[in-house]
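Q: Protein chains in written order, with the working numbering: chain A, 92 to 392; chain B, 156 to 573; chain C, 258 to 539. This is the structure, below, for whatever I ask next.
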Amino acid sequence: MTVSIGAKFGNSFERWFERHLRVLMLAPAMLVLLTLTIFPSIYMIVAAATRISPNPDLPWQFAGADNFLRLLTDEQFHVGLWNTLLFTVFAVGAEFLLGLGLALLLDRYIRRLNFLKTILMLPMMLPPVAVAITWKLIYEPQFGVLNEIMFRLGLPLQAWAGDVRLAMFSVIVADVWQWTPFMFLLMLAGLASLPDEPYEAAAIDGASAWRQFWDLTLPFLKPVIAIALLLRIMDALRLFDLVFILTGGGPADRTKTLSLYIYQVAYRFADPSYAAAISLFVLFTTVAFSTWFIKRMRLAD
Amino acid sequence: MVRKFLFSVVFALSSLMATNAWADITVLVPSGSEGDGLRAAAADYAKLKGTKVEIVQAPYSNVFEQAANAGQTKSGTFDIVLMDDPWIPFFAENAHLEDLTPYFKKAGLEGPDSDFLSKSLAVCRNPYNKGPYVCLPYVGNAQMFFYDAAKFKEAGVEAPKTWDDVLKAAKALSEKGGGRYFGYVFRGGQGNPVVADFMPIFWSYGADMFNGDRTKVTIDTPAGAAAMKTFMALRDVSPKGVESYNANEVGQALAAGTAASSINWPNWVATFEDPSQSKMVGKISYSPIPAGTKPGSSEIGHWTMGIMAAAKNKQEAFDFMLWATSPEQMKISAQRGNPPVRKSIFTDPSLTSQEKFRHYPVLMQAIEASTPRPRHPKWPEIENAFGIELSKAVAGTETPEEALKRSQAAVEEITGIK
Amino acid sequence: MAHRRKSIGIQRIAAYATIAVALVVTLFPVYWIAANSFKYDIDIFSIPPQWVPANPTSKHYHAAFVERPFLIYALNSLIIAVSTTLVSVVFGSLAGYALARFQYPGRWRYQISFWILSTRMMPPIVTIIPLYIAFNHLGMLNTKPAVIIAYTAFNLPFATWMMKSYFQDLPVELEEAAMVDGDTRWGAFLHVALPLARPGLAATAIFCLIISWNEFLLALILTLTERSQTLPIGIAGRVTQYNTYWGEISAAGFTACIPIMLFAFVVQKHLVRGISFGAVKG
Numbered sequence: 092m093t094v095s096i097g098a099k100f101g102n103s104f105e106r107w108f109e110r111h112l113r114v115l116m117l118a119p120a121m122l123v124l125l126t127l128t129i130f131p132s133i134y135m136i137v138a139a140a141t142r143i144s145p146n147p148d149l150p151w152q153f154a155g156a157d158n159f160l161r162l163l164t165d166e167q168f169h170v171g172l173w174n175t176l177l178f179t180v181f182a183v184g185a186e187f188l189l190g191l192g193l194a195l196l197l198d199r200y201i202r203r204l205n206f207l208k209t210i211l212m213l214p215m216m217l218p219p220v221a222v223a224i225t226w227k228l229i230y231e232p233q234f235g236v237l238n239e240i241m242f243r244l245g246l247p248l249q250a251w252a253g254d255v256r257l258a259m260f261s262v263i264v265a266d267v268w269q270w271t272p273f274m275f276l277l278m279l280a281g282l283a284s285l286p287d288e289p290y291e292a293a294a295i296d297g298a299s300a301w302r303q304f305w306d307l308t309l310p311f312l313k314p315v316i317a318i319a320l321l322l323r324i325m326d327a328l329r330l331f332d333l334v335f336i337l338t339g340g341g342p343a344d345r346t347k348t349l350s351l352y353i354y355q356v357a358y359r360f361a362d363p364s365y366a367a368a369i370s371l372f373v374l375f376t377t378v379a380f381s382t383w384f385i386k387r388m389r390l391a392d
Numbered sequence: 156m157v158r159k160f161l162f163s164v165v166f167a168l169s170s171l172m173a174t175n176a177w178a179d180i181t182v183l184v185p186s187g188s189e190g191d192g193l194r195a196a197a198a199d200y201a202k203l204k205g206t207k208v209e210i211v212q213a214p215y216s217n218v219f220e221q222a223a224n225a226g227q228t229k230s231g232t233f234d235i236v237l238m239d240d241p242w243i244p245f246f247a248e249n250a251h252l253e254d255l256t257p258y259f260k261k262a263g264l265e266g267p268d269s270d271f272l273s274k275s276l277a278v279c280r281n282p283y284n285k286g287p288y289v290c291l292p293y294v295g296n297a298q299m300f301f302y303d304a305a306k307f308k309e310a311g312v313e314a315p316k317t318w319d320d321v322l323k324a325a326k327a328l329s330e331k332g333g334g335r336y337f338g339y340v341f342r343g344g345q346g347n348p349v350v351a352d353f354m355p356i357f358w359s360y361g362a363d364m365f366n367g368d369r370t371k372v373t374i375d376t377p378a379g380a381a382a383m384k385t386f387m388a389l390r391d392v393s394p395k396g397v398e399s400y401n402a403n404e405v406g407q408a409l410a411a412g413t414a415a416s417s418i419n420w421p422n423w424v425a426t427f428e429d430p431s432q433s434k435m436v437g438k439i440s441y442s443p444i445p446a447g448t449k450p451g452s453s454e455i456g457h458w459t460m461g462i463m464a465a466a467k468n469k470q471e472a473f474d475f476m477l478w479a480t481s482p483e484q485m486k487i488s489a490q491r492g493n494p495p496v497r498k499s500i501f502t503d504p505s506l507t508s509q510e511k512f513r514h515y516p517v518l519m520q521a522i523e524a525s526t527p528r529p530r531h532p533k534w535p536e537i538e539n540a541f542g543i544e545l546s547k548a549v550a551g552t553e554t555p556e557e558a559l560k561r562s563q564a565a566v567e568e569i570t571g572i573k
Numbered sequence: 258m259a260h261r262r263k264s265i266g267i268q269r270i271a272a273y274a275t276i277a278v279a280l281v282v283t284l285f286p287v288y289w290i291a292a293n294s295f296k297y298d299i300d301i302f303s304i305p306p307q308w309v310p311a312n313p314t315s316k317h318y319h320a321a322f323v324e325r326p327f328l329i330y331a332l333n334s335l336i337i338a339v340s341t342t343l344v345s346v347v348f349g350s351l352a353g354y355a356l357a358r359f360q361y362p363g364r365w366r367y368q369i370s371f372w373i374l375s376t377r378m379m380p381p382i383v384t385i386i387p388l389y390i391a392f393n394h395l396g397m398l399n400t401k402p403a404v405i406i407a408y409t410a411f412n413l414p415f416a417t418w419m420m421k422s423y424f425q426d427l428p429v430e431l432e433e434a435a436m437v438d439g440d441t442r443w444g445a446f447l448h449v450a451l452p453l454a455r456p457g458l459a460a461t462a463i464f465c466l467i468i469s470w471n472e473f474l475l476a477l478i479l480t481l482t483e484r485s486q487t488l489p490i491g492i493a494g495r496v497t498q499y500n501t502y503w504g505e506i507s508a509a510g511f512t513a514c515i516p517i518m519l520f521a522f523v524v525q526k527h528l529v530r531g532i533s534f535g536a537v538k539g
């Protein structure tokens, strides 16, 4: 502080600043998050407890728990919930396994080529809207490359995103393609910082590569794995762009995810109250799951 | 250093805060040819009258929620909204739209002139064809039936007049196609697409969603079942994967010469005739929708301009709408690629003599024989429910009978009509 | 690393083959976007597919960047993504450092950390409505700052958590030594911790950049015209009611990944290391 008022003021400010540093450093982030979440949270809770008419001249009616009770009997909500779970489990699961496998391979066999790792990140950098449209072209049953490859290999042609049995699989594959790099990168980074000593000891004991992976690598990686899974699960639960463009939730409702349904309810059916109720359900489930997960993985400390 | 940096960030942010200098009139339009056309017209208008018209272009799937958001929050963001006609009941009955009657009176008019097609005007009144005008038609779309006449002839059908003709030719062509060529193709995508391609068949068998006085839902009826039977037969001769098709895939299949016929929107005429986009230049014919047990009827899909109730400059907005829908402007609009809604333009010899407007007589006929989608403020919800059941029927996870029964129940539930 | 025993040839070949397959699978769709962006529409839908554009054209690039305002969309995206990234990384580092180093009464440290993370769990679709109402009242609808503010809220939890765990990994002794030498805590943060955290900053920045460069849903509702519309909105606008402009979408989509790719190459040295420190301790 070199203000002309004098060093004294500067010093006392500095001391005050120093003393409250732990609050001051936290403040900007907290303020931004508070202002941007408080109003939406209040709105969500109020909206869920009322019946908002699309007509702005009609007053909001108190609805009590009606919107939440609807969750119990709404078949489309159940379908969405089931599809979202299916998608999350398989997509995140596959991304994790592929990401980890690839990271192990690269860590072991190709350690220097950094540009290779950057290239493997490419899918993540493309706008999801463009990704969805490109996969639509790839899956296209008549003109698509995928069926051309199937044809060349002498395999039966498929309708992919247009086939009830394969639609969800197709959505998952496109998502896995785009987000495996995220897992891969986190895993690779985790592997790069493993200590050497335990492995040396294990090698002397004659432990197999498999045992080393199981007893050493995996436990060491646990925190990275946990964080990576948590972040991906949170993203997978709000999957939107991909299904919106690739399948629109069809065929036969097989790819309708919860976020797609919330979008329809909120904007197409102009029923923000019920959309808020579903959102609150999603929010509470996610928070509950994360709390359990963080405790389980001992990430809190 | 970091402090200096923070300052520059704050400074950079505050310089971005430039206040919104809204234009005199703001118009919400979809991205695509309708929006592009109105944007060009707005530029002309600014030059001519000095009124600045700002065009807000949103992706097609997003225009409805942008307008509904503005209407529901009484935001004066938009003065005019270019609406797809099935949305009109929602906006009108929820007080988002301005009644145009007083504006016509002030302009010394009874209402829109008689050069507009009657079907085009009917959708702009709420309730349908009876109530006051809440918008003016701008782009005149109605589905047409597109087919490869040479292939149909090969299959023994000269000019398809009925769905039975189509089915007969399509079946022969698909059988011969060996999984690479198909006689018919349609939009089977869940939601709007599958409903849009089922409705014309539904109507051409005399079925409708509600009875005349709206006291009954009439989906699960013998007429509905007859329509469903034809629809399923058409599905059986269509390519695998139509379950995810939308207008684009259907048009593309015809343009690439892998399918012989389909229902589609008139915008595709230009694409079929463009050698950089089509292998079928000069080979695609079109007709009104084929007949079932009753005369065929296509789905009307007009783009109409309405004034938002919360608009800031309503009179200027109305003046602009009147100008943009005048015969002179509509002719310019037609030349920019958007079908008109006026008889005089459809029959203007300086247009119809040109190759790219040769479909105008058929299109006018199609509009005059068209039917609007069931007019109900909850149409989006109805369309969604109906779309799910139709998608299930097309995908075969549910029998056609079940689909009709469950659609009937779902629409009864949504509308409260039992 | 001693645990990595010299592998026998076959294993090595199998590993290289697997990596090669992964590369092909990763790159093919990217190549496909690029290839389609240079094809006429008729060739995009040819049977069999054209693996290499037989008749290359720059038509779609012209359509997107000359006839349509994709250059402006890109500029908007750039301003929004860079501002969001800067704000998120700065605020995230401050908060991350505080949570990593300071003591708070009771279980507050855990609770604040968790609350910050939980804001990311809000389903965005419904929170957009109140944001729309608020920005509309403030006259900020369709402005870049509105989008930047919304994105910052979206990116901060991630940035804070990454920086927090990164700072936790730094040896505390270095900062203590600086403070013994007469530096303040703030000084120690500025002069010791932050420079050491450079790799973490690079990693956090690139994730924030990717997320805000590609975000779709919030921008869809909060932006209206070229004044603020971003690339993903421009791209989605080429899926119209009647037609999808595959070529233009491919041209714009392919171009869109270039700036991020360049940034990734510039910071790639830090990247892997940065993430490793950032994530290891969660």
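The beta carbon of each residue, even a glycine, is placed where N, CA and C say it ideally should be.
Anyone know if the C-beta pair for residue 310(B) and residue 327(B) falls short of 8 Å?
A: By 1-based counting over the second sequence, the position of residue 310(B) is 155. By 1-based counting over the second sequence, the position of residue 327(B) is 172. The answer is yes: Cβ separation under 8 Å.
Q: Just to confirm, are residue 569(B) and residue 544(B) a CB contact at a threshold of 8 Å?
A: In the second sequence, counting from the first residue as 1, residue 569(B) sits at position 414. In the second sequence, counting from the first residue as 1, residue 544(B) sits at position 389. Not a contact, by the Cβ cut-off of 8 Å.
Q: Can you check the region 365-435 of chain B for any alpha helix (DSSP H) of at least 4 residues that lies completely inside it and give the ranges in chain order?
A: With a minimum length of 4 residues, the continuous alpha helix (DSSP H) runs that stay inside the region 365-435 of chain B are 377-391, 402-410 and 423-427.
Q: Return the residues of the region 545-567 of chain B that lie within a Cβ-Cβ distance of less than 8 Å from chain A, sorted by chain order.
A: Of all residues in the region 545-567 of chain B, 546, 547, 549, 550, 551, 552 and 553 have a Cβ within less than 8 Å of some Cβ in chain A.
Q: Expressed to the nearest angstrom, what Euclidean distance is found between the alpha-carbon atoms of residue 411(C) and residue 207(B)?
A: For the purposes of this step, residue 411(C) is taken as the residue at position 154 of the third sequence. For the purposes of this step, residue 207(B) is taken as the residue at position 52 of the second sequence. Approximately 36 Å between the Cα atoms of the pair.
Q: Alpha carbon to alpha carbon, what distance is there between residue 190(B) and residue 354(B)?
A: Along the second sequence, read from residue 1 onward, the residue named residue 354(B) stands at position 199. Along the second sequence, read from residue 1 onward, the residue named residue 190(B) stands at position 35. C-alpha separation (whole angstroms): 26 Å.
Q: Would you call the CB atoms of residue 328(A) and residue 128(A) closer than 8 Å?
A: As a working mapping, residue 328(A) is identified with position 237 in the first sequence. As a working mapping, residue 128(A) is identified with position 37 in the first sequence. Against a cut-off of 8 Å, the Cβ pair of residue 128(A) and residue 328(A) comes out as no contact.
Q: Which ranges would you report for the alpha helix (DSSP H) in the region 113-196 of chain A if only whole runs of at least 4 residues count?
A: Counting whole runs of 4 or more residues, the region 113-196 of chain A contains the alpha helix (DSSP H) stretches 118-139 and 157-164.
Q: Grab me the residues of residue 328(C)'s own chain with a C-beta within less than 8 Å of its C-beta, minus the 5 sequence neighbours each way, in chain order.
A: Locating residue 328(C) in the third sequence gives position 71, counting from the first residue. Answer for residue 328(C): 322, listed in chain order.
Q: With distances taken Cα to Cα, identify the nearest neighbour of residue 241(B) among 201(B), 265(B), 282(B) and 562(B).
A: Taking the second sequence and counting its residues from 1, the one referred to as residue 241(B) is at position 86. For the residues 201(B), 265(B), 282(B) and 562(B), the minimum Cα distance to residue 241(B) belongs to 282(B).
Q: Could you tell me the alpha carbon to alpha carbon distance between residue 318(B) and residue 448(B), rounded to whole angstroms?
A: If you number the second sequence from 1, residue 318(B) lands on position 163. If you number the second sequence from 1, residue 448(B) lands on position 293. So the two alpha carbons sit approximately 9 Å from each other.
Q: For residue 514(B) versus residue 430(B), is the C-beta distance shorter than 8 Å?
A: Against the second sequence, residue 514(B) aligns to sequence position 359. Against the second sequence, residue 430(B) aligns to sequence position 275. No, these two residues do not count as a Cβ contact at 8 Å.
Q: Which same chain residues end up closer than 7 Å to residue 200(B) when comparing Cβ atoms and leaving out the 5 residues on each side of it in sequence?
A: Position 45 of the second sequence, counted from the first residue, corresponds to residue 200(B). Correct list, in chain order: 206, 208, 475 and 478.
Q: Does the region 229-239 of chain B come close enough to the region 132-146 of chain A that 3 or more CB-CB pairs lie under 8 Å?
A: The region 132-146 of chain A vs the region 229-239 of chain B: no contact.
Q: Using a beta-carbon distance below 8 Å, is residue 205(A) in contact with chain C?
A: Numbered from its first residue, the first sequence carries residue 205(A) at position 114. Yes, its Cβ sits closer than 8 Å to a Cβ of chain C.
Q: What is the DSSP secondary structure of residue 176(B), reduced to helix, strand or coil?
A: On the second sequence, residue 176(B) is found 21 positions in, with the first residue counted as 1. Note that residue 176(B) scores a pLDDT of 49, beneath 50, so its modelled location is shaky; the value from the coordinates is reported in the next line. Here residue 176(B) sits in coil by DSSP.
Q: Taking a contact to mean a Cβ-Cβ separation below 8 Å, would you say residue 178(A) touches residue 277(A) in this structure?
A: In the first sequence, residue 178(A) corresponds to position 87, counting from 1. In the first sequence, residue 277(A) corresponds to position 186, counting from 1. Going by C-beta atoms, residue 178(A) is not nearer than 8 Å to residue 277(A).
Q: At a CB distance below 8 Å, what residues from the region 490-520 of chain C approach chain B? Give them in sequence order.
A: Flagged, chain order: 490, 493, 494, 495, 496, 497, 498, 499, 500 and 501.
Q: Short of 6 Å in beta carbon distance, which residues of its chain neighbour residue 345(A), apart from the five on each side in sequence? Order them along the chain.
A: The residue labelled residue 345(A) in the question sits at position 254 within the first sequence. Answer for residue 345(A): 255, 258 and 259, listed in chain order.
Q: With DSSP as the reference, please indicate the residues paired to residue 497(B) in a beta bridge.
A: Translated into positions along the second sequence, residue 497(B) becomes position 342. Partner(s): 271(B).
Q: Just mark residue 523(C) as buried or exposed, buried being the case when its beta carbon has 16 or more other beta carbons within 10 Å.
A: Position 266 of the third sequence, counted from the first residue, corresponds to residue 523(C). Classification for residue 523(C): exposed.
Q: Relative to the C-alpha of residue 354(A), which residue among 475(C), 519(C) and 481(C) is closest?
A: As a position in the first sequence, residue 354(A) is number 263, starting the count at 1. The shortest C-alpha separation from residue 354(A) is found at 475(C).
Q: Give the interface partners of residue 249(B) over in chain C, defined as CB-CB distance under 8 Å, in chain order.
A: The residue you call residue 249(B) lines up with position 94 of the second sequence. Neighbours of residue 249(B) on chain C: none; closest Cβ ~16 Å, over 8 Å.
Q: Looking at residue 228(B): is its Cβ nearer than 8 Å to the Cβ of residue 390(C)?
A: Locating residue 228(B) in the second sequence gives position 73, counting from the first residue. Locating residue 390(C) in the third sequence gives position 133, counting from the first residue. Against a cut-off of 8 Å, the Cβ pair of residue 390(C) and residue 228(B) comes out as a contact.
Q: Starting from residue 237(B), follow its DSSP beta bridges and name the residues at the other end.
A: Position 82 of the second sequence, counted from the first residue, corresponds to residue 237(B). Residue 237(B) is bridged to 460(B).
Q: Which runs of the alpha helix (DSSP H) fall wholly inside the region 367-437 of chain C and span at least 4 residues, in chain order?
A: Runs found: 381-394, 401-426 and 429-437.
Q: Between 273(B), 407(B), 414(B) and 553(B), which has its C-alpha nearest residue 288(B)'s C-alpha?
A: Taking the first residue of the second sequence as 1, we reach residue 288(B) at position 133. For the residues 273(B), 407(B), 414(B) and 553(B), the minimum Cα distance to residue 288(B) belongs to 273(B).
Q: At the 8 Å Cβ level, is residue 360(A) part of the contact set with chain C, yes or no?
A: Translated into the one-based positions of the first sequence, residue 360(A) becomes position 269. It does not: the Cβ of residue 360(A) has no partner Cβ on chain C nearer than 8 Å.
Q: Does chain A have any CB closer than 8 Å to the CB of residue 293(C)?
A: As a first step, residue 293(C) is located in the third sequence; it is residue number 36 there, counting from the start. It does: the Cβ of residue 293(C) has a partner Cβ on chain A nearer than 8 Å.
Q: Residue 169(A): buried (16+ other C-beta within 10 angstroms of its C-beta) or exposed?
A: Here residue 169(A) refers to the residue found at position 78 of the first sequence. Result: exposed.
Q: Note down, in chain order, every chain B residue with its Cβ under 7 Å from the Cβ of residue 233(A).
A: As a working note, residue 233(A) is residue 142 in the first sequence. Simply 394, 408 and 413.
Q: Using the beta-carbon count (16 or more within 10 Å), is residue 176(B) buried or exposed?
A: Numbered from 1 along the second sequence, position 21 holds the residue referred to as residue 176(B). With a pLDDT of only 49 at residue 176(B), under the threshold of 50, the placement of this residue in the model should not be trusted, and no figure is reported.
Q: By DSSP, does residue 347(C) sit in helix, in strand, or in coil?
A: As a first step, residue 347(C) is located in the third sequence; it is residue number 90 there, counting from the start. Three-state DSSP puts residue 347(C) in a helix.
Q: Restricting to Cα atoms, I'd like to know which of 324(C), 481(C), 310(C) and 315(C) is closest to residue 195(B).
A: Position 40 of the second sequence, counted from the start, is the residue given in the question as residue 195(B). Considering only alpha carbons, the answer is 324(C).
Q: Go ahead and pull the three-state DSSP assignment for residue 216(B).
A: Looking up residue 216(B) in the second sequence gives position 61. Here residue 216(B) sits in helix by DSSP.
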